[in-house]
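Enquirer:
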Amino acid sequence: MITIENLTVKYGGVVALDSLTLNISDDVVGLIGPNGAGKTTLTNAFSGFAPVTDGKVVIDGVNLLHMAPHKRACWGLARSFQKVQVVDDITVADHLRTVLTANGVPRSARNARMSEVLDFTNITDERDTLGADLNPFQKRMTEIAKCLIDRPRIILLDEPGGGLSEGEMQHLRFIIRETKSRFGAQIIMVDHDVDLIRDVCASTAVLDFGKLIAFGPTEDVLRDEAVKAAYLGR
Ligand SMILES: Nc1ncnc2c1ncn2[C@@H]1O[C@H](COP(=O)(O)OP(=O)(O)OP(=O)(O)O)[C@@H](O)[C@H]1O
Ligand SMILES: [Mg+2]
Numbered sequence: 000m001i002t003i004e005n006l007t008v009k010y011g012g013v014v015a016l017d018s019l020t021l022n023i024s025d026d027v028v029g030l031i032g033p034n035g036a037g038k039t040t041l042t043n044a045f046s047g048f049a050p051v052t053d054g055k056v057v058i059d060g061v062n063l064l065h066m067a068p069h070k071r072a073c074w075g076l077a078r079s080f081q082k083v084q085v086v087d088d089i090t091v092a093d094h095l096r097t098v099l100t101a102n103g104v105p106r107s108a109r110n111a112r113m114s115e116v117l118d119f120t121n122i123t124d125e126r127d128t129l130g131a132d133l134n135p136f137q138k139r140m141t142e143i144a145k146c147l148i149d150r151p152r153i154i155l156l157d158e159p160g161g162g163l164s165e166g167e168m169q170h171l172r173f174i175i176r177e178t179k180s181r182f183g184a185q186i187i188m189v190d191h192d193v194d195l196i197r198d199v200c201a202s203t204a205v206l207d208f209g210k211l212i213a214f215g216p217t218e219d220v221l222r223d224e225a226v227k228a229a230y231l232g233r
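The sequence shown: position 75 = 74 (numbering that gives the first Met the number 0), numbered continuously.
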């Protein structure tokens, strides 16, 4: 269970998150809202990259905001970025090794972990390929493999479907649906693709101007008049 209570983030005069309160328990939860609504800011607040002025994020009884940002990954928080963060001049395996090393995963477990996530994300053949030579799907999968490899408690995905073809989206859906049972992690996923959200998220939260305007079973939320109005209003 993730409990977000009165979470507030301000950038000067912009209130990017305005006293957000939300309890999340489903395995895959969607986070949607118009551009600038505060979705990426929420993922940044979890991982320690946003100026939180008030509130709590409590996961398994621990207030994440009391933990130094660099300790949150080892504790069990993983994230991907809206703009893919794959480095050109190192291989896929090197990307994964950086996580294993940074998080202190025992050497004896590293090879098995790597094979498992490469297989799951469908990039086994790209293990020794440089970041620069990966296609957009393989880059996305490398980021997701980095998220999975240390078996986190929570994974935050910021627009993982951006730029993928329909066939590639099928694989992304499979990964998102299977993550909890195979790797034990709960997913919070930001995306603008309503079909993807509908397909994989049991519940969905909607932000607008930093405020929660709807939360509940995804189908109900997508039918909500206030949600439709927020999208049409921009
Ligand atoms: N580093 C920053 N400095 C100043 N303002 C910021 C910063 N990051 C976000 N903001 C502002 O906070 C608000 C929320 O931005 P955020 O990036 O969280 O939106 P979003 O919902 O992820 O939008 P999008 O769908 O376009 O990715 C916006 O008004 C944005 O301009
Ligand atoms: Mg964003």
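Cβ atoms here follow ideal geometry from the backbone N, Cα and C, with glycine treated the same way. Please read these numbers as outputs of a predicted model, since none were measured by experiment.
In chain order, what residues of the same chain have a beta carbon less than 7 Å from the beta carbon of residue 193, not counting five sequence neighbours either side?
Expert: Hits under 7 Å: 221.
Enquirer: Per DSSP, which residues does residue 8 bridge with? Please list them.
Expert: Answer is 16, 51, bridged to residue 8.
Enquirer: Roughly how far, in whole angstroms, is the beta-carbon of residue 78 from the beta-carbon of residue 19, given that I think they are within contact range, below 8 Å?
Expert: Actually they are not in contact, since the Cβ atoms of residue 78 and residue 19 sit about 18 Å apart, beyond 8 Å.
Enquirer: Ligand 2: which residues have Cβ under 7 Å from any of its heavy atoms, chain order?
Expert: Cβ-based neighbours of ligand 2 within the cut-off: 38, 39, 81, 157, 158, 189.
Enquirer: Among the residues of its own chain, which have a CB less than 7 Å from the CB of residue 180, if the five just before and after it don't count?
Expert: If we look at residue 180 and ignore the five residues flanking it on each side, it has no Cβ neighbours.
Enquirer: What are the start and end residues of each continuous alpha helix (DSSP H) run of 4 or more residues lying completely inside the segment 102-187, in chain order?
Expert: As far as the segment 102-187 is concerned, its whole alpha helix (DSSP H) runs of at least 4 residues are 106-119, 135-147, 165-182.
Enquirer: Apart from the five residues just before and just after residue 58, which ones in its own chain have a Cβ nearer than 6 Å to its Cβ?
Expert: Closer than 6 Å at the Cβ level, and outside the excluded window around residue 58, lie 1.
Enquirer: Comparing alpha-carbon positions, which option in 208, 65, 195 lies nearest residue 36?
Expert: With distances taken between Cα atoms, residue 36 lies closest to 208.
Enquirer: Using DSSP's beta-bridge definition, name the partner residues of residue 207.
Expert: Beta-bridge pairing links residue 207 to 210.
Enquirer: Examine ligand 1 and report whether any of its heavy atoms sits within less than 7 Å of the Cβ of residue 22.
Expert: Residue 22 Cβ: outside cutoff for every heavy atom of ligand 1.
Enquirer: For residue 89, which of helix, strand or coil comes out of DSSP?
Expert: Residue 89: coil per DSSP, three-state reduction.
Enquirer: Counting Cβ pairs, one atom from each stretch, are 3 or more of them under 8 Å apart for the segment 177-191 and the segment 150-169?
Expert: The segment 177-191, when compared against the segment 150-169, does touch it at the 8 Å Cβ threshold.
Enquirer: List the endpoints of the continuous beta strand (DSSP E) containing residue 76.
Expert: Counting along the chain, the beta strand (DSSP E) containing residue 76 begins and ends at 76-78.
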